[in-house]
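Asks: Chains as they are written, first to last, in the UniProt record's numbering: chain A, 1 to 332; chain B, 1 to 332.
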């Protein structure tokens, strides 16, 4: 960013901002960017394209002799992926002013019981919990935000269209569930004496699929991407199971109804199988976001001018944009 | 063992033998022992009791001035638990002369693709695959084998009886299964486009329970103790799942019928869900074992003489005894 002459700052949690100061610097900036962390085996484009794309856009504008009125900014968001602490879009979520996130970050630990603050410390970020409020953005700091991202779905590739212009982002939610039973030896404990936490998890995973399909809507999706058994030995009845569930929809109410049914199902399973439902925690339950019409228009105009085919579409994956949209009117 | 004056030898895979040579050393020995490895969170008695109990028995006999006619031997078996290479009772299975195990050990790897031979090498055992045959025992090496072991089940504790005399060991089998699908982003891939390897695993886990219960016999048990999803992120549809299934019964035929139904179910699930059943491997499928009447009689006689209550019972957990029984007539 410094090579492009941008003035760079980093906030307390590691979001990085590179600003090309405009001739009317007091106006809200136009920003673009994404993240560079990625989930395992997700390919090389997730997030990185939006950061490199932002830098390239700035570079092209500079080479063309363009002089911006509003400041232009590249943002590289920290910790977009929920892999370590189970919190997605940690950087942008905090920028959007989530008091709830500040509270939960003070007590969040990873799977090895390392706290968020200690992990940040080991990575060279000396975070005092009170500093987290400094990450919050002022409402008028940005005029618009745009994020270039791969689709992470099959539609554009299948239809042979190079550009999708996002009109809305589906509303995501994620849930952690734990069942606990007595475990025991796989040979010695007879079937009627068992309360198998693993089978409770298997039933709940299938229930998530069932309730999603029962919604009758193509836009409702639900996934169990994490299912772990403890102690995890072939000759041990699982005494504990841990699931993480992802549910999304463009209709927030319909998504919440699926979550309610999954919760009820978890309670029923625990009663029928005699296991304890020791956790059913909704980690996040975000509303959907709508792109601002003026940004959509600008993108359609640019695509037409360049003769590039495009498709207006819903983003079913969500990105840092979802949280930037909480504070700003114009974005994609 | 050396403190007790026993002559100690160790075989190529780490089984350890301590012999008190009898006055008629040419006769088959009477041996007793167990293992000292244990599965995670299994408590402190599994296996260890049988090794310490054997040493204590020798010590008591020596202090009482007893002079054995047949040699008496303590055996500490290696790798009874199947945790690293998925092969249970590796030591005793090999002692029992399993050519099949010798073949499979040449190509067996752990979850990190480390071969059995390399792992043994790192642990200080320089094993040449041809040495594995040296572990095989001669059929007349032992006259009888006895293993002291905790029940690993609830019966004795519930009934307040201190001693169970085992008349038979249930026939164990273990199976590894893998499903593979296309994976994808949990938000972006709509439900009809999915082939979720995790849900296939959940269905198969529940099918194991169903077919076990359908047997109608209290003696049939089946367990999915291991169920792993890949890549294992909340926002990734599982592209791969791995299950390890344990099925046991005192009736070998009935157990094998359950395995057949589980296999058929795995094939059906893979077809219906459009996932590939990339592995269905029966790791072991052992026959049950019956205790020799003369050893049962000796134990009943001893218990009565000491005024200790006992119960004749089936061992649903299996131990190294199951494999010692393959070669010898008298054992418990």
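C-beta atoms are modelled at their ideal positions from N, C-alpha and C, and glycine is treated no differently.
#1: Going straight from the alpha carbon of residue 249 of chain B to that of residue 220 of chain B, what length do you get?
#2: Could you please give me the residues that DSSP links to residue 32 of chain B through a beta bridge?
#3: Taking DSSP as the reference, what is the three-state secondary structure of residue 113 of chain A?
#4: Just list the residues that DSSP pairs residue 263 of chain B with in beta bridges.
#5: DSSP state of residue 310 of chain A, grouped into three classes?
#6: Which one or two residues does DSSP pair with residue 220 of chain A in a beta bridge?
#7: Applying the criterion that 16 or more other CB atoms from any shown protein chain within 10 Å of the CB defines a buried residue, is residue 150 of chain A buried or exposed?
#8: Using beta-carbon positions only, say whether residue 197 of chain A and residue 265 of chain A come within less than 8 Å of one another.
#9: Between residue 185 of chain B and chain A, is any beta-carbon pair separated by less than 8 Å?
#10: Buried or exposed: where does residue 123 of chain B fall if 16 or more other Cβ atoms within 10 Å of its Cβ makes it buried?
#11: Could you tell me which residues DSSP puts in a beta bridge with residue 185 of chain A?
#12: How about residue 13 of chain A and residue 135 of chain A: are their beta carbons less than 8 Å apart?
#13: In whole angstroms, give me the CA-to-CA distance for residue 211 of chain A and residue 131 of chain B.
#14: If the cut-off is 8 Å on Cβ atoms, which residues from the region 316 to 328 of chain B count as contacting chain A, listed in chain order?
#15: Excluding five sequence neighbours on each side, which residues of the same chain lie with their C-beta closer than 7 Å to the C-beta of residue 201 of chain A?
#16: Name the chain B residues that come within less than 7 Å of residue 83 of chain A, Cβ to Cβ?
#17: Counting only C-beta atoms, is residue 47 of chain B closer than 8 Å to chain A at any point?
#18: Using a threshold of 7 Å, is the CB atom of residue 93 of chain B nearer than that to any non-hydrogen atom of the ligand MN?
#19: List the residues of chain B that residue 39 of chain A touches, going by C-beta distances under 8 Å, in chain order.
#20: For residue 215 of chain A, collect the residues of the same chain with a Cβ closer than 7 Å to its Cβ; drop the 5 residues on either side in sequence, then sort them by chain order.
#21: Per DSSP, which one or two residues make a beta bridge with residue 229 of chain A?
#22: Return the CA-CA distance between residue 57 of chain A and residue 323 of chain A, expressed in angstroms with no decimal places.
#23: Using 10 angstroms around the beta-carbon of residue 192 of chain B, count the other beta-carbons present and answer buried if the total reaches 16, otherwise exposed.
#24: Tell me which residue opens and which closes the alpha helix (DSSP H) that residue 103 of chain B is part of.
#25: Taking 8 Å as the CB-CB cut-off, is residue 153 of chain B touching chain A?
#26: Give the straight-line distance between the Cα atoms of residue 251 of chain B and residue 288 of chain B, rounded to the nearest whole angstrom.
#27: Any contact of the region 51 to 70 of chain B with the region 101 to 109 of chain B, i.e. 3+ C-beta pairs under 8 Å?
#28: How should residue 118 of chain A be labelled, buried or exposed, when 16 other C-beta atoms within 10 angstroms of its C-beta is the threshold for buried?
#29: In three-state terms, what does DSSP make of residue 332 of chain B?
#30: With contact counted as at least three CB pairs below 8 Å, one residue from each stretch, are the region 145 to 164 of chain A and the region 278 to 286 of chain B in contact?
#31: Run down chain A in chain order and give the residues with a C-beta less than 7 Å from the C-beta of residue 188 of chain B.
#32: For residue 202 of chain A, go through chain B and note every residue whose CB falls closer than 7 Å to its CB, in chain order.
#33: Give me the residue from A:152, A:32 and A:111 with the minimum Cα distance to residue 44 of chain A.
#34: Can you look up residue 129 of chain A in the DSSP assignment and give me helix, strand or coil?
#35: Starting from the beta carbon of residue 248 of chain B, find every residue of chain A whose beta carbon is closer than 9 Å, and list them in chain order.
#36: For the region 65 to 78 of chain A against the region 167 to 184 of chain A, do three or more pairs of beta-carbon atoms, one drawn from each stretch, fall closer than 8 Å, so that the two count as touching?
Replies: Looking at the atomic coordinates:
#1: 5 Å
#2: B:74 and B:146
#3: coil
#4: Residue 263 of chain B is not bridged to any residue.
#5: strand
#6: Paired residue(s): none; residue 220 of chain A is not in a bridge.
#7: buried
#8: no
#9: yes
#10: exposed
#11: A:236
#12: yes
#13: 57 Å
#14: 316, 317 and 318
#15: 179, 227, 241 and 243
#16: 233
#17: no
#18: This structure lacks the ligand MN, and indeed carries no ligand of any kind.
#19: 231, 233, 235 and 236
#20: 254 and 258
#21: A:241
#22: 22 Å
#23: exposed
#24: 99 to 105
#25: yes
#26: 8 Å
#27: no
#28: exposed
#29: Confidence at residue 332 of chain B is low in this model, with a pLDDT of 37, below 50, so the placement of that residue is unreliable and no value is reported for it.
#30: no
#31: 151, 152, 153, 316 and 317
#32: 202, 205 and 206
#33: A:152
#34: helix
#35: 186 and 187
#36: no
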